[in-house]
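If you're matching positions, the sequence shown starts at 2 in our numbering and goes up one per residue.
Glycine included, every Cβ here is placed at the ideal spot set by N, Cα and C.
Accompanying notes for the structure given below.
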Amino acid sequence: MDEKQILQLIEMAIKARENAYAPYSNFKVGAAVLGDNGNIYTGVNVENSSYGLTNCGERTAIFSGITDGMRNIVAIAIVGDTEDPISPCGACRQVIYEFSLDSTLVILSNLKREYKVWKIGDLLPYGFKL
């Protein structure tokens, strides 16, 4: 994946982030997933007053892709308003891993478009798969 493609995913995640529903934390997250079918899916965090029912932006984007027939993630970009590039929570790392290939890239970014690129196996060594 070249820098142009990385920046395209970051831009899509930034745009999606505007639609986040975060009235409790005021911390909006956007994500963009490039699926193995060539489609790009976006997602945002959706909070709930019963905090355990909140869904992260990464999982929202992935679940949208799965609904459309995607089965493997080529790359995912995650964006938040953070000083350093944002990193996915443990639950999201496991969900990314579930639908990952050995080569799946996780692009961590912030609103300044600073980014770091990791392979999912480096972010979640010994992830669980059946």
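In the DSSP assignment, what are the bridge partners of residue i?
{"i": "LEU54", "result": "BP columns for LEU54 are empty, so no partner."}
{"i": "SER110", "result": "VAL80, TYR116"}
{"i": "SER88", "result": "Note: SER88 sits in no beta bridge, so no partner."}
{"i": "SER101", "result": "ILE74"}
Verify whether the separation of the beta carbon atoms of residue i and residue j is less than 8 Å.
{"i": "GLY44", "j": "ALA62", "result": "yes"}
{"i": "ARG60", "j": "VAL118", "result": "no"}
Smallest Cα separation from residue i: which of the options?
{"i": "SER65", "options": "GLY36, TYR116, TYR127", "result": "GLY36"}
{"i": "SER110", "options": "TYR98, VAL80, PHE100, CYS90", "result": "VAL80"}
{"i": "THR55", "options": "GLN6, LYS5, LEU10, TYR25", "result": "TYR25"}
{"i": "ALA23", "options": "ARG60, TYR52, LEU102, LEU10", "result": "TYR52"}
{"i": "GLY70", "options": "ILE41, GLY91, ALA32", "result": "ILE41"}
Which runs of the alpha helix (DSSP H) spanning at least 4 residues fall entirely within the region 4-74, listed in chain order?
Taking only runs of at least 4 residues, the alpha helix (DSSP H) segments lying wholly in the region 4-74 are 4-18, 58-68.
For the region 72-81 against the region 102-120, are there 3 or more C-beta pairs whose distance is under 8 Å?
yes
Would the region 14-29 and the region 120-127 be scored as touching if the rule is three or more Cβ pairs under 8 Å?
no
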